[in-house]
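According to mature numbering (1 follows the signal peptide of the UniProt record, and there is no 0), the stretch in the sequence shown is residues -22 to -1, 1 to 228, in order. Input: a single structure, listed below in structure tokens.
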Amino acid sequence: MHALHKLLLFQVLTSLGQNADGSRIIKGAIAPDDTYEFLVSLQKNEKHLCGGFLISEDFVLTAAHCSSEEPDRVVVGTHKLLNVGDENVRYIEKRYKHGSYYQVSGGYDIMLLKLTRKVAGNKKQIIALPSSNIHIQEKKTCHVAGWGKTETRGGVVDRLMVVDVSVINLNTCSESWVQWGGIPSNVICAGGYPSDKGFCQGDSGGPLVCDGIAVGVVSFNYNRTCDYPTKPNVYTEISKYLGWINNIIN
């Protein structure tokens, strides 16, 4: 079943086939070419579905809900999805979706992808993960990047976009979502309401980056409205899953 149709209230953020694949993030700017080299595009039939990011030479971290579209390859080392050569393509050997994941509103929205071939390059292509005891301050400015839509009915653009977002207090975030049952455990809220910046369809699986560290994975916003939603954006908190990640990688 199409990822966007699985939930009526929660909007998972895959970019599906021709539905604005490779378009942009909300209220963002074009990412400079020498930045965010760890970002990858998850694809099927050469169409962008989700984002992800390299945490080692042969493992990508992304969102579990991206598995519903069955991506078969990732594109690495480029910000322009219309300019992809063989050297930019790695195929997916195995997907490791968290065993407790069943739908995005239930949490555990995290997945690892093992690549068939390592990505050989500079250290900037791999992003660091947080420590288990990291504390992210409310109102801290972080960044999210992706090839997702720039507006609810946005068109196709192939350039990687980045936007700064502020971390939102979890109690405030949960209260904003209380009508729909609150938020799952082990998440971070940043961007979206009450700001006009954040992520949209196609940005799923990308990282929330604070001080050069990937602290969150893009999970969901509210309904299909990205310009702009009435609820904060929600990310899976990576620090809560370090044991799970290390068990698979090692």
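Note that beta-carbon positions come from the ideal geometry of N, C-alpha and C, so glycine has one too.
Can you tell me which of the three DSSP states residue i falls into?
i, result
"ILE161", "coil"
"THR150", "helix"
"CYS120", "strand"
"ASP142", "strand"
"ILE72", "Checking the sequence shown, residue 72 turns out to be Lys, not Ile. Reduced to three states, the DSSP call for LYS72 is strand."
"GLY84", "helix"
"LYS101", "helix"
"VAL67", "strand"
"VAL53", "strand"
"ARG2", "Residue confidence for ARG2 is low, a pLDDT of 39 falling below 50, so the modelled location carries little weight; the figure read from the coordinates is stated next. Three-state DSSP puts ARG2 in coil, outside helix and strand."
Could you check which residue in the options has the C-alpha nearest to that of residue i?
i, options, result
"ASP36", "TYR14, VAL53, GLY170 and THR94", "THR94"
"GLU153", "LYS96, LYS209, ILE8 and ARG73", "LYS209"
"TRP125", "PHE31, GLN81, TRP222 and VAL165", "PHE31"
"SER182", "SER45, ASP12 and ASN23", "SER45"
"LEU39", "ASN23, SER19 and VAL165", "SER19"
"GLN115", "GLY99, ILE104 and SER144", "SER144"
"VAL62", "PHE16, TYR79, THR119 and ASP136", "ASP136"
"SER197", "GLY176, ASP189 and CYS188", "GLY176"
"GLY159", "GLY221, VAL82, GLY170 and HIS113", "VAL82"
"GLU48", "MET89, THR214 and GLU215", "MET89"
"VAL53", "ALA41, ARG68 and GLY170", "ARG68"
"GLY102", "THR56, ASN228, HIS26 and CYS178", "The sequence given here has Lys at residue 102, not Gly. The option with the nearest alpha carbon to LYS102 is THR56."
"GLU15", "LYS118, ALA168, ALA123 and VAL195", "ALA123"
"ILE161", "GLU215, SER173 and VAL140", "GLU215"
"ASP64", "ASN147, VAL97 and ILE33", "VAL97"
"ALA41", "LEU59, ASN66 and GLY77", "GLY77"
"CYS188", "LYS22, GLY180, LEU59 and ALA168", "ALA168"
"THR119", "SER217, SER173, LYS22 and PRO10", "SER173"
"HIS43", "ASN66, GLY180, SER217 and VAL193", "GLY180"
"CYS178", "GLY29, LYS117, ASP11 and ASN147", "GLY29"
"ILE146", "MET139, LYS117, LEU91 and SER110", "LYS117"
"TRP222", "GLN157, MET139, SER110 and VAL140", "SER110"
Buried or exposed: which applies to residue i, given that a residue is buried once 16 or more other Cβ atoms fall within 10 Å of its Cβ?
i, result
"ASP50", "exposed"
"ASN224", "exposed"
"LYS75", "buried"
"ASN211", "buried"
"GLU71", "exposed"
"ALA7", "exposed"
"ASN228", "exposed"
"LEU17", "buried"
"GLU24", "exposed"
"LEU27", "buried"
"HIS113", "exposed"
"LEU138", "buried"
"GLN21", "buried"
Which whole-angstrom value is the C-beta distance of residue i and residue j, which I expect to be below 8 Å?
i, j, result
"ILE191", "LEU107", "7 Å"
"TYR213", "LEU186", "5 Å"
"ASN199", "GLY170", "6 Å"
"ILE104", "SER34", "6 Å"
"ASP142", "HIS121", "5 Å"
"GLY85", "ASN164", "6 Å"
task: Let me know the alpha helix (DSSP H) ranges lying completely inside the region 184 to 228, each 4 residues or longer, listed in chain order.
output: Those alpha helix (DSSP H) runs which fall completely within the region 184 to 228 and span 4+ residues are 220 to 227.
message: As an exercise, report each continuous beta strand (DSSP E) stretch of at least 3 residues that is fully enclosed by the region 4 to 47, in chain order.
response: 17 to 22, 25 to 32 and 37 to 40, all fully within the region 4 to 47.
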